[in-house]
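Participant: These protein sequence lines map, in sequence, to chains A and B. Quick note, the first sequence lines up with residues 1 to 290 if you use my numbering. Quick note, the second sequence lines up with residues 291 to 580 if you use my numbering. In this text, a Cβ means the ideal position worked out from N, Cα and C, and glycines have one as well. Sharing a structure, written as structure tokens. Questions coming.
2 protein chains.
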Amino acid sequence: MNKISNITILGGGNMGSQIAFQTAFKGFNVTIYDINVDLYSQVIENLELLKNIYLREAHATEDEMDATFNNISYSFNLPEAVQDADITIEAIPENMEIKQKLYAELGRVAPAKTIFTTNSSTMLPSDLMGFTGRPHKFLALHFSNLLFHCNIAEIMKSSETDADSYNTVIEFAEAIGMIPILVKQEQRGYILNSLLMPFMAAATELYLKGVSDIETIDKTWRIATGSPVGPFEIYDIVGINTVYNIASNGDLKAKLFAQYLKENFIKQGKLGYLSGEGFYKYPKERNSLK
Amino acid sequence: MNKISNITILGGGNMGSQIAFQTAFKGFNVTIYDINVDLYSQVIENLELLKNIYLREAHATEDEMDATFNNISYSFNLPEAVQDADITIEAIPENMEIKQKLYAELGRVAPAKTIFTTNSSTMLPSDLMGFTGRPHKFLALHFSNLLFHCNIAEIMKSSETDADSYNTVIEFAEAIGMIPILVKQEQRGYILNSLLMPFMAAATELYLKGVSDIETIDKTWRIATGSPVGPFEIYDIVGINTVYNIASNGDLKAKLFAQYLKENFIKQGKLGYLSGEGFYKYPKERNSLK
Chain A
1 MNKISNITIL GGGNMGSQIA FQTAFKGFNV TIYDINVDLY SQVIENLELL KNIYLREAHA
61 TEDEMDATFN NISYSFNLPE AVQDADITIE AIPENMEIKQ KLYAELGRVA PAKTIFTTNS
121 STMLPSDLMG FTGRPHKFLA LHFSNLLFHC NIAEIMKSSE TDADSYNTVI EFAEAIGMIP
181 ILVKQEQRGY ILNSLLMPFM AAATELYLKG VSDIETIDKT WRIATGSPVG PFEIYDIVGI
241 NTVYNIASNG DLKAKLFAQY LKENFIKQGK LGYLSGEGFY KYPKERNSLK
Chain B
291 MNKISNITIL GGGNMGSQIA FQTAFKGFNV TIYDINVDLY SQVIENLELL KNIYLREAHA
351 TEDEMDATFN NISYSFNLPE AVQDADITIE AIPENMEIKQ KLYAELGRVA PAKTIFTTNS
411 STMLPSDLMG FTGRPHKFLA LHFSNLLFHC NIAEIMKSSE TDADSYNTVI EFAEAIGMIP
471 ILVKQEQRGY ILNSLLMPFM AAATELYLKG VSDIETIDKT WRIATGSPVG PFEIYDIVGI
531 NTVYNIASNG DLKAKLFAQY LKENFIKQGK LGYLSGEGFY KYPKERNSLK
């Protein structure tokens with residue numbers, strides 16, 4: 001079993017920032033890599049937002065937050081960012097060309113010890129492993145949005161992934177406070193998104209057909225299943241941009257829905273819970289995250 | 291607005307018994323009609339089971355249970371069963387021929403004042419209204435299984451239903467402790483089953499493909515969404531027979547799943563929560579209904 005101390009997060013967007021923050025919060029040495037220095041202020045903004053959420057919702061202390069920031073460094077140079085990485089977690093855009101380019105360079109510059117993982121929601125390890133130069137040390141480690149609440153980490157290997165890398169990643173996921181969910185076969189959408197997508201598509205169809213309104217659909221689900229959140233509240237938590245990206249890769253109906261989200265939400269900056277507004281405005285009086 | 295005092299439940303099966311019990315529990319005068327006297331012992335068995343559940347899970351008292359049973363009478367003769375009914379709630383098998391036959395007779399023998407409602411999960415008011423002789427006084431009033439916990443009542447009218455019947459049913463649903471969910475357009479599966487079916491089909495597919503096991507799929511959903519129950523726990527609550535009936539009316543994939551349920555569950559008497567076993571055994575240590 002490898003010892004994991006140094007983690008490099010590839011991509012400082014919404015999910016990359018969350019993974020970096022949680023990993024640093026749990027005491028690991030984290031480097032956030034992004035493609036250019038102009039993104040630095042955006043990454044810092046993401047982390048400051050997370051600090052406030054952890055203080056408010058995860059009951060973290062200011063000292064813990066200081067320690068978390070002290071555990072994070074930044075790099076805009078890939079060879080430097082991964083020079084001592086035990087593991088990399090890739091959370092860059094869901095674009096095959098961009099991922100291919102990153103993995104090609106990463107495979108050349110990372111030390112032999114480094115395990116590569118992807119947080120991709122839509123691609124399989126076997127879609128990407130050919131670019132990495134080390135398919136035996138490559139697998140998926142997939143987080144949910146608001147991972148400090150929704151603390152599952154879905155772990156999915158390809159037929160090439162070796163047992164040592166797999167076991168190391170399971171242990172690492174536990175060490176950063178996640179509950180490892182082992183996906184036994186490669187599955188697009190893993191377990192969670194495979195359940196969420198048809199469910200949320202059905203909710204959306206009810207709404208767009210005029211069968212019911214958003215509040216009633218959510219209420220029906222909450223009362224009937226005891227869930228704290230209905231489908232449109234889940235949309236807001238997952239994040240409208242994430243739903244848009246996944247729907248854009250779906251069938252015709254999904255693509256139409258992606259278009260609807262773009263016109264009615266994304267263009268107005270309504271990106272869900274973290275942005276303060278999506279299908280609902282936040283904070284809601286009733287805390288939808290508990 | 292009509293005054294509702296006398297309720298006749300058509301069909302003393304699982305759902306009919308639950309609706310009758312809850313309605314009587316709320317102080318209404320309930321008659322349970324079923325097709326022949328041989329079913330009497332089965333109806334009583336259903337009601338005794340419900341009594342134990344209400345005592346245990348709804349914190350009802352023995353006195354309340356006595357009053358509930360006092361409010362219930364039984365009839366195996368339709369004209370007698372509906373002779374003073376303000377409303378009928380039909381919960382007989384999901385078979386068009388059987389329903390058609392019942393509604394034809396009901397339309398002849400019921401007083402003019404009686405509002406007819408159906409608890410059908412798969413048929414629309416407009417599918418059935420032609421048999422009733424009074425489409426203006428006919429609509430759907432659909433309950434969830436374990437309705438004392440999952441206390442929604444989905445109310446769906448056809449284009450023919452008059453406003454007075456509609457409003458009376460909404461008020462009645464509230465009076466028996468349900469939260470009325472108004473379905474604005476006729477929709478097969480209403481709101482709840484329209485959300486549940488694709489979600490549960492996706493869960494089943496993950497399981498049957500070997501992507502994961504039942505416990506892990508449920509756990510993933512519970513942790514990621516905060517729901518108290520995952521999809522297979524929901525199956526058990528809804529009841530395997532109900533899922534079987536709905537799936538049998540679905541597409542090819544659904545029909546294959548119906549077959550799977552029949553072979554692996556129904557033939558072994560594993561009918562879900564109320565029968566003590568379905569995908570899980572009950573009572574579970576962790577109460578899955580809260």
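1) For A/Ile266, which residues of its own chain have a beta-carbon under 7 Å away from its beta-carbon, when the five flanking residues on both sides are left out?
2) So what's B/Lys316 in DSSP terms, helix, strand or just coil?
3) Comparing C-alpha positions only, which one of A/Arg134, A/Asn70, A/Val109 and A/Pro125 sits nearest to A/Phe28?
4) Helix, strand or coil for A/Lys101? Go by DSSP, reduced to three states.
5) My output table needs one value for A/Pro198: the three-state DSSP class, helix, strand or coil.
6) Give, in chain order, every residue of the stretch 399-430 of chain B whose Cβ lies closer than 8 Å to some Cβ of chain A.
7) Roughly how many angstroms lie between the CA atoms of A/Gly278 and A/Met65, to the nearest whole one?
8) If you check the beta carbons only, do B/Leu472 and B/Ile445 fall under 7 Å apart?
9) Starting from A/Tyr235, trace the alpha helix (DSSP H) in both directions and tell me its first and last residue.
10) List the whole-angstrom C-beta distance separating A/Ile19 from A/Ile92, where the pair is believed to meet the contact cut-off of C-beta under 8 Å.
11) Determine whether the beta carbon atoms of B/Ala443 and B/Ala463 lie at a separation below 7 Å.
12) Alpha carbon to alpha carbon, how far is A/Asn36 from A/Phe76?
13) Measure from the alpha carbon of A/Ser194 to the alpha carbon of each residue in B/Gln475, B/Glu495, B/Leu486 and B/Glu476, then state which is nearest.
14) Could you check how far apart the C-beta atoms of A/Lys209 and B/Gln475 are, in whole angstroms? I think they sit under 8 Å.
15) Under 7 Å between the Cβ atoms of A/Glu160 and A/His136?
16) Cβ closer than 9 Å: which chain B residues qualify as neighbours of A/Lys157?
17) Against chain B, does A/Gln18 count as a neighbour if the rule is that its beta carbon must be under 7 Å from one of theirs?
18) Pick out whichever of A/Phe148, A/Gly269 and A/Ala202 has its Cα sitting closest to the Cα of A/Phe322.
19) Under 7 Å between the Cβ atoms of A/Asn145 and A/Gly177?
20) Residues in the same chain with beta-carbon distance under 6 Å from B/Asn296, minus the five sequence neighbours each way, listed in chain order, please.
21) Against B/Thr506, what residues of chain A qualify as contacts under a CB-to-CB distance less than 8 Å, listed in chain order?
22) How is the alpha helix (DSSP H) around A/Pro180 delimited, first residue to last?
23) Would a C-beta distance cut-off of 7 Å place B/Leu337 and B/Ser307 closer than the cut-off?
24) Please say whether B/Gly302 and B/Ile322 have beta carbons closer to each other than 7 Å?
25) Give the residues of chain B in contact with A/Ala203, contact being defined as C-beta atoms less than 7 Å apart.
26) Check whether the Cβ atoms of B/Val399 and B/Leu418 sit closer than 7 Å, and answer yes or no.
27) In the DSSP assignment, find the unbroken alpha helix (DSSP H) run with B/Asn336 in it and report its ends.
28) For B/Ile343, return the contacting residues in chain A, with the cut-off set at a CB-CB distance below 9 Å.
29) Does DSSP classify B/Leu564 as helix, strand or coil?
30) In chain order, what residues of the same chain have a beta carbon less than 6 Å from the beta carbon of A/Phe232, not counting five sequence neighbours either side?
31) Alpha carbon to alpha carbon, what distance is there between B/Lys391 and B/Ser455?
32) Does A/Leu206 come within less than 7 Å of chain B when only Cβ atoms are used?
33) Could you pull the DSSP bridge partners for B/Ile297 from this structure?
34) Under three-state DSSP, which class holds A/Ser165?
35) Where do the ends of the beta strand (DSSP E) carrying B/Thr510 lie?
36) Assuming B/Asn594 and B/Phe433 form a contact by the criterion Cβ under 8 Å, report the distance between their Cβ atoms to the nearest whole angstrom.
Facilitator: This is what the structure gives:
1) Sequence index remark: in the first sequence, residue 266 of chain A carries index 266 (1-based). Contacts found: Ile240, Asn241 and Tyr244.
2) Counting from 1 along the second sequence, the entry for residue 316 of chain B is found at position 26. In this structure, B/Lys316 counts as coil in the three-state DSSP scheme.
3) Sequence index remark: in the first sequence, residue 28 of chain A carries index 28 (1-based). In terms of Cα proximity to A/Phe28, the closest of A/Arg134, A/Asn70, A/Val109 and A/Pro125 is A/Asn70.
4) Locating residue 101 of chain A in the first sequence gives position 101, where the first residue counts as 1. Of the three classes helix, strand and coil, the one that applies to A/Lys101 here is helix, per DSSP.
5) Sequence index remark: in the first sequence, residue 198 of chain A carries index 198 (1-based). The three-state reading of DSSP puts A/Pro198 in helix, counting H, G and I together.
6) Answer in chain order: no residues at all.
7) Counted from its first residue, the first sequence places residue 278 of chain A at position 278. Counted from its first residue, the first sequence places residue 65 of chain A at position 65. A/Gly278 and A/Met65: Cα-Cα distance of roughly 28 Å.
8) Mapped onto the second sequence, residue 472 of chain B falls at position 182. Mapped onto the second sequence, residue 445 of chain B falls at position 155. Contact annotation: B/Leu472 and B/Ile445 have beta-carbon atoms nearer than 7 Å.
9) Translated into positions along the first sequence, residue 235 of chain A becomes position 235. Counted as a single uninterrupted DSSP element, the alpha helix (DSSP H) harbouring A/Tyr235 occupies residues Pro231 to Val238.
10) Position 19 of the first sequence, counted from the first residue, corresponds to residue 19 of chain A. Position 92 of the first sequence, counted from the first residue, corresponds to residue 92 of chain A. With a Cβ gap of about 12 Å, A/Ile19 and A/Ile92 do not count as contacting.
11) Looking up residue 443 of chain B in the second sequence gives position 153. Looking up residue 463 of chain B in the second sequence gives position 173. A contact, by the Cβ cut-off of 7 Å.
12) Translated into positions along the first sequence, residue 36 of chain A becomes position 36. Translated into positions along the first sequence, residue 76 of chain A becomes position 76. A/Asn36 and A/Phe76: Cα-Cα distance of roughly 5 Å.
13) Position 194 of the first sequence holds residue 194 of chain A. For A/Ser194, the nearest C-alpha among the options comes from B/Glu495.
14) Stepping through the first sequence from its first residue, residue 209 of chain A is reached at position 209. Stepping through the second sequence from its first residue, residue 475 of chain B is reached at position 185. About 7 Å separates the beta carbon of A/Lys209 from that of B/Gln475, a gap short enough to meet the 8 Å contact definition.
15) Within the first sequence, residue 160 of chain A is the residue found at index 160, counting from 1. Within the first sequence, residue 136 of chain A is the residue found at index 136, counting from 1. It is a contact, given that the beta carbons lie within the stated cut-off.
16) Position 157 of the first sequence holds residue 157 of chain A. Going along chain B, no residue has its Cβ under 9 Å from A/Lys157, so there is no contact; the nearest lies around 13 Å.
17) The residue labelled residue 18 of chain A in the question sits at position 18 within the first sequence. For A/Gln18, no CB of chain B lies under 7 Å from its own CB, so it is not counted at the interface with that chain.
18) Residue 322 of chain A lies beyond the stretch modelled for chain A, which goes from 1 to 290, so this question has no answer here.
19) In the first sequence, counting from the first residue as 1, residue 145 of chain A sits at position 145. In the first sequence, counting from the first residue as 1, residue 177 of chain A sits at position 177. The Cβ-Cβ distance between A/Asn145 and A/Gly177 does not fall below 7 Å.
20) Within the second sequence, residue 296 of chain B is the residue found at index 6, counting from 1. Only Asn319, Asp374, Ala375 and Asp376 meet the Cβ criterion.
21) For the purposes of this step, residue 506 of chain B is identified with residue 216 of the second sequence, where counting begins at 1. Result: Ile181, Leu182 and Ile191.
22) By one-based count along the first sequence, residue 180 of chain A stands at place 180. From DSSP, A/Pro180 is part of no alpha helix (DSSP H) but of the beta strand (DSSP E) over Ile179 to Leu182.
23) Residue numbering aside, residue 337 of chain B sits at position 47 when the second sequence is read from its first letter. Residue numbering aside, residue 307 of chain B sits at position 17 when the second sequence is read from its first letter. In contact: B/Leu337 and B/Ser307 (Cβ atoms closer than 7 Å).
24) Within the second sequence, the letter at position 32 stands for residue 322 of chain B. Within the second sequence, the letter at position 12 stands for residue 302 of chain B. Yes; because the gap between Cβ atoms is below 7 Å, this pair is in contact.
25) Locating residue 203 of chain A in the first sequence gives position 203, counting from the first residue. Within 7 Å of the CB of A/Ala203, the CB atoms of chain B belong to Leu485, in sequence order along the chain.
26) Taking the first residue of the second sequence as position 1, residue 399 of chain B is located at position 109. Taking the first residue of the second sequence as position 1, residue 418 of chain B is located at position 128. The answer is no: Cβ separation not under 7 Å.
27) Numbered from its first residue, the second sequence carries residue 336 of chain B at position 46. It spans Tyr330 to Glu347 - the alpha helix (DSSP H) in which B/Asn336 sits, taken as one unbroken run.
28) By 1-based counting over the second sequence, the position of residue 343 of chain B is 53. Within chain A, no residue comes near B/Ile343; the closest Cβ sits about 16 Å away, beyond 9 Å.
29) Residue mapping note: residue 564 of chain B aligns to position 274 of the second sequence, counting from 1. Looking at B/Leu564 - three-state DSSP - the assignment turns out to be helix.
30) Along the first sequence, read from residue 1 onward, the residue named residue 232 of chain A stands at position 232. Around A/Phe232: Ile214, Asp218 and Phe279.
31) Indexing the second sequence from 1 puts residue 455 of chain B at position 165. Indexing the second sequence from 1 puts residue 391 of chain B at position 101. Looking at the backbone, the Cα of B/Ser455 and that of B/Lys391 are separated by about 23 Å.
32) Taking the first sequence and counting its residues from 1, one reaches residue 206 of chain A at position 206. By this cut-off, A/Leu206 is an interface position.
33) Position 7 of the second sequence, counted from the first residue, corresponds to residue 297 of chain B. DSSP links B/Ile297 through a beta bridge to B/Val320 and B/Ile377.
34) Taking the first residue of the first sequence as 1, we reach residue 165 of chain A at position 165. Note: A/Ser165 maps to helix in three-state DSSP.
35) On the second sequence, residue 510 of chain B is found 220 positions in, with the first residue counted as 1. Element bounds for B/Thr510: not the beta strand (DSSP E) but the alpha helix (DSSP H), Ile504 to Thr515.
36) As displayed, chain B neither begins before 291 nor continues past 580, which places residue 594 of chain B out of reach and without an answer.
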